[in-house]
Amino acid sequence: MSDTSTLLCPVCGKPNPSHREVCQYCQAPLRPSAGTAPFVEEPLPPAEEPAGQPPEEELPPWLRELMEEQEETVPAAGEGEGPSLGSRLEALREDEGQRDTEGEGPFTQAWLSEEGAAEEIPDWLKEAAGEALPSESPGPFTAAPAEEEEAAWPEWLQSLSEEPAEPSPAQTEAEAEPEAPLALQEAAPAEEEPSPEPASRTALPILAQEDEDLALDEVPEWLEELPPDALTWAETETQQEAPAEGEGLTPGALPGWLEALRPMAPEVEEEAALEEEAEEVEGPLAGIQGVLPAKSPFQPAKGKVAPKSRLVVSEEQGRQVALLQETLAQEQKVAPVRPKQFWEPQRVLRMALALALLVVVWLPSLFGQLMPPLPDRFPPEMMAFYQAVEALPPEAPVLVAVDYAPGWTAEMEAAARPVLEHLLARQVRLVLISTLPTGPTLAEHLVQGVAPEAGYQEGAAYLNLGYLSGGTAALQQFALDPQGTVPWDIGGRLAWTWPPLRSFRTLGDFAALVIITDDPDVGRAWVEQVRPSLPAQIPLLMVLSTQAEPLIRPYFEGSTPQVQGMVTGLVGGLGYTRLTGRLSQGVQYWGGFSLGLWMAIGLILIGGLYNLFLGIRSRRRSHDG
Amino acid sequence: MVVSPFQMPKMKAPLATSLALAVGLLVLLGYFLPLGPLAVVRSLFLQWAILLAATALLAGVFQMVLTHGMLLQTQPAEEAAYSLVLIVGLVLAFGLTMVEGLGGRAVVWMMDYIILPTAGSLLALLSLTLIYASVNLLRRRGGLLSLLFVSTLLLILLGTAALPRWGTLPLLSDTLRPWIAQVPAAAGARGILLGVALGILATALRVLLGSDRPYRD
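Sequence lines, in order, name chains H and P.
Here the working numbering runs 55 ahead of the position in the first sequence, where the first position is 1.
Here the working numbering runs 5 ahead of the position in the second sequence, where the first position is 1.
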């Protein structure tokens, strides 16, 4: 999950995404780095006790040699020249610790104004000293408190300035307290109240290194001539000039508003403490703890900073949050399921409609006088169909495709039976085929229903080629090679050995093709895939359902018709019945069909007007409301 | 989740695409140039398509039996009963047809007294549903288009229905209804046919060019 909080820039105060290390507006670092920590006011935890003197074998050889030379030369030099260098270094070290406690570096104005020292100090350093470093921003040459300084010093360096039998740091502190010089005594409270400048800790190794250099006979003469108490005096004077706590802004203290914006980075502080205690493992500083890290003090911290920014929610937003919570709580509630009632108004209405339709459709069967007269309209497509059948020679084979679903059987048989009766009356040979799996059985049902008394037998009076799988591709192949595509009939006999088909090679050998379908796509597939393979004089006739007629009609009404005749639906079948003069099955449907249509017209008209009135009133009410 | 036993490892895309493109182009060439080898290859591929379609139908039936067989074991008793009825009916119809043939008495009986009445009843429900929807249409959507739709529907029905003793209505049945069916309806149907033809052409080109590969999944 991504962190969506923001960090406020401590410089410009603008919000920044939490993943940014520097401000996107002013490029200031958003998080305090381990080396600088300019906004970290809390003192760092006290440094741990030194881990002890590093083993001698860990020191580089050149450093061990220097240590041995120092042990030999320092006591000799200290005997005849007043205070020894070790004692002076000790005093200097204590003094530096005291200065560090006060937030003051060694190059202070008081120290530089000391007589004797001022003569040997170059002018540029005097000018620099005039701009006294503020205590809240110590320079890199400030020292750590004395105790920590001692802890940070290597053992060999401590041995230069202390007695051979050196006690532990704690014992040294306890024993030196009554006899400590003024600078050390004043530095003692600073150990209990750590300095607000954590950066001074990082400066300690530099001073230690300088002390080491001093011990290597590189101490300048002006420093050797400097009396030890001068530094103590200067430090005391600096402390007296420091403002008392509580008067104005204390060093390192932040205003309240800035404190609220300050990012908290405990991980960064811990990381800084760990880096201080890290021990160098290579190079000339090997074995020394707390040296300055090699990385830049401005390098961003590795650890994630927990932003202290608070989400400010307005009153309006609070209301929206409460509304969202309420909505979510309602979403989790399961609404009780209302049990279905049998006598619901809509359910009753639907049952009433179905009952009314059933009664009306049955009435003509009970009362013959309700039977309307058969339609006397003969559309041109029907007349074309009739004439095409009349033109068929006797005994001519006719291919009949039975491609309708079982649900459409009533309408399709009412339309197709007069046609089949006409074909059988013309003594043509029917060859049945279907592109639907249920088609062969429906074809049998259709033929057996035309003339049940005739007892037509498959394989004798007609031939059923069965199911042609493959859709349009199969129709294409069937048009090219009917014998190879459907070699057997549904009885497993070789279809093309049937006497009327023995001389057949292509579909063009049939006298006519009659497609019986309720699906306009199936009719279109026959027209598109098979019609091009037929000679122009072979008619393609169709018996269609009412729903398929509009999509097939364009093939009949074209300038060069691809469909030569159509009989559509129950009305078309009844019209064909009147043409042939033979009553078929569709006649008994006509009464129920017509009365059912009138019932549907009445329901739609009355119910539609009533609902239209209700709808207008409802919309008007909603508009007024 | 029911795992199909007919799940085949997928063919490598370049091989499948090349095969599909080659077959499609050969059949198309054979359609426009029905000469010797091209006509033979075209006829061969079409015969394979017929065999594959029939095999796919059998595979689909077998898959359906397997699926419902697994549902019998996993579904509650109320829902598993439907699967049981389906499997029993399928086995009976398949077995009887294999024994007696499509013209057998038992097969014709199943068609006359089970399949046809059931399918016809479902279609009759559709007519009832359409009437109910037409009644409620003006209440839910009382716009001009709804009024036009219902008015056209009423005119077609009035031009089709016949009254006892009087027959069909003169003006509506012989003039208005044929005009609606042959002019506006036929115009819309021709537009649909043209759109279908263009869509088929575009789809065929996409398949032949390899930009659309329905055989990939």
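Ideal placement from N, C-alpha and C gives every residue a C-beta, glycine not left out.
query: Which runs of the alpha helix (DSSP H) fall wholly inside the region 563-611 of chain H and span at least 4 residues, in chain order?
result: Along the region 563-611 of chain H, the alpha helix (DSSP H) occurs as fully enclosed runs of 4 or more residues at 575-584, listed in sequence order.
task: Just mark residue 477/H as buried or exposed, buried being the case when its beta carbon has 16 or more other beta carbons within 10 Å.
output: Flag for residue 477/H reads buried.
- request: Just tell me which of 566/H, 623/H, 613/H and 422/H has its CA closest to the CA of residue 595/H.
  value: Measuring from the Cα of residue 595/H, the nearest candidate turns out to be 566/H.
message: Let's test the definition: count the other Cβ atoms within 10 Å of the Cβ of residue 414/H and tell me whether it reaches 16, buried, or not, exposed.
response: Residue 414/H comes out exposed.
- request: Write down the C-beta distance between residue 213/P and residue 30/P rounded to the nearest angstrom, noting that I regard them as a contact closer than 8 Å.
  value: With a Cβ gap of about 6 Å, residue 213/P and residue 30/P count as contacting.
task: Check whether the Cβ atoms of residue 583/H and residue 527/H lie closer than 9 Å to each other.
output: In contact: residue 583/H and residue 527/H (Cβ atoms closer than 9 Å).
- request: Measuring only between beta-carbons, confirm whether residue 553/H sits less than 9 Å from chain P.
  value: No, because no Cβ of chain P sits closer than 9 Å to the Cβ of residue 553/H.
message: Residues of chain H with CB closer than 9 Å to the CB of residue 29/P, please, in chain order.
response: Here the premise fails: no neighbours, minimum Cβ distance about 11 Å.
task: Apply the 10 Å Cβ neighbour rule to residue 466/H and answer buried if 16 or more other Cβ atoms are within range, or exposed otherwise.
output: When all chains shown are included, residue 466/H counts as buried.
field: Pick from 204/P, 198/P, 82/P and 217/P that is closest to residue 579/H, judged by C-alpha positions
entry: If we check each option's Cα against that of residue 579/H, 198/P comes out closest.
- prompt: Who are the neighbours of residue 462/H on chain B, taking C-beta pairs under 7 Å?
  reply: The structure shown contains no chain B; its protein chains are H and P.
query: Any Cβ of chain P within less than 9 Å of the Cβ of residue 409/H?
result: At a cut-off of 9 Å between C-beta atoms, residue 409/H counts as an interface residue with respect to chain P.
- request: Using a Cβ-Cβ cut-off of less than 7 Å, give me the residues of the region 90-106 of chain P that come near chain H, in sequence order.
  value: Those residues of the region 90-106 of chain P placed with their C-beta closer than 7 Å to a C-beta in chain H are 106, ordered along the chain.
Presumed contact (8 Å Cβ cut-off) between residue 449/H and residue 482/H, rounded CB distance: Separation of the CB atoms of residue 449/H and residue 482/H is rounded to 5 Å, and the pair is thereby assigned contact status at 8 Å.
query: If you run the structure through DSSP and keep just helix, strand and coil, what is residue 543/H?
result: For residue 543/H, the three-state secondary structure derived from DSSP is strand.
task: Sort 161/P, 146/P, 89/P and 42/P by Cα distance to residue 76/P and report the nearest one.
output: Selected option, being the one with the closest Cα: 89/P.
- request: For the region 134-144 of chain P and the region 655-669 of chain H, state whether three or more C-beta atom pairs, one from each stretch, are separated by less than 8 Å.
  value: Touching, per the Cβ criterion.
task: Taking residue 515/H as the query, report the chain P residues whose CB atoms sit under 7 Å from its CB, ordered along the chain.
output: Neighbours of residue 515/H in chain P, taken as residues at a C-beta separation under 7 Å, are lacking, since the least C-beta distance is about 12 Å.
- prompt: From this set, 438/H, 474/H, 464/H and 461/H, which residue's C-alpha is nearest residue 453/H's C-alpha?
  reply: When C-alpha distances from residue 453/H are compared across 438/H, 474/H, 464/H and 461/H, the shortest belongs to 474/H.
- prompt: Pick from 601/H, 607/H and 626/H: whose alpha carbon is nearest that of residue 617/H?
  reply: The candidate whose alpha carbon is nearest that of residue 617/H is 607/H.
message: Just to confirm my understanding: we take residue 529/H, look at its own chain, exclude 5 residues before and 5 after, and list those with CB closer than 8 Å. What are they?
response: Close CB contacts of residue 529/H within its chain, under the 8 Å cut and outside five residues either way in sequence, are with 490, 523 and 540 (chain order).
query: How long is the line joining the alpha carbons of residue 68/P and residue 92/P, rounded to whole angstroms?
result: For residue 68/P and residue 92/P, the distance between alpha carbons rounds to 12 Å.
task: Report the residues of the region 653-671 of chain H with a CB closer than 7 Å to any CB of chain P, ordered along the chain.
output: So the close ones are 653, 655, 656, 658, 659, 660, 662, 663, 666, 667, 669, 670 and 671.
message: Quick check on the DSSP output: the beta strand (DSSP E) that includes residue 622/H runs from which residue to which?
response: Per DSSP, residue 622/H belongs to the beta strand (DSSP E) from 620-623.
query: In angstroms, rounded to a whole number, what distance separates the CA positions of residue 488/H and residue 23/P?
result: Here the C-alpha atom of residue 488/H lies approximately 35 Å from the C-alpha atom of residue 23/P.
Length of the line joining the Cα atoms of residue 8/H and residue 376/H: The question about residue 8/H has no answer here: the residues shown for chain H are numbered 56 through 680.
message: Check for me: the beta strand (DSSP E) holding residue 458/H runs from which residue to which?
response: Residues 452-458.
Euclidean distance between Cα positions of residue 170/P and residue 621/H: Between the alpha carbons of residue 170/P and residue 621/H lies a distance of about 28 Å.
- prompt: Buried or exposed: which applies to residue 78/H, given that a residue is buried once 16 or more other Cβ atoms fall within 10 Å of its Cβ?
  reply: Residue 78/H comes out buried.
- request: Flag this pair as touching only if the region 152-161 of chain P and the region 391-410 of chain H have three or more C-beta atom pairs under 8 Å; answer yes or no.
  value: No, because fewer than three Cβ pairs between the region 152-161 of chain P and the region 391-410 of chain H fall closer than 8 Å, the two stretches do not touch.
task: State the Cα-Cα distance for the pair residue 572/H and residue 147/P, rounded to the nearest angstrom.
output: Take the alpha-carbon of residue 572/H and the one of residue 147/P: they are about 36 Å apart.
task: Assign residue 581/H to one of two classes, buried (16 or more other C-beta atoms within 10 Å of its C-beta) or exposed (fewer than that).
output: Burial state of residue 581/H is buried, judged by a 10 Å Cβ sphere holding 16 or more other Cβ atoms.
message: Among the candidates 672/H, 658/H and 643/H, whose CA atom is the shortest distance from the CA of residue 428/H?
response: The residue with the shortest Cα to Cα distance from residue 428/H is 643/H.
- prompt: For residue 67/H, does the count of other Cβ atoms within 10 angstroms reach 16, so buried, or fall short, so exposed?
  reply: When all chains shown are included, residue 67/H counts as exposed.
query: What residue from 26/P, 99/P, 134/P and 186/P has the CA that sits closest to residue 210/P's CA?
result: Closest in C-alpha terms to residue 210/P, from the list 26/P, 99/P, 134/P and 186/P, comes 26/P.
- request: May I ask you to list the residues that DSSP assigns as paired with residue 173/P?
  value: Answer by DSSP bridge pairing, in chain order: 167/P.
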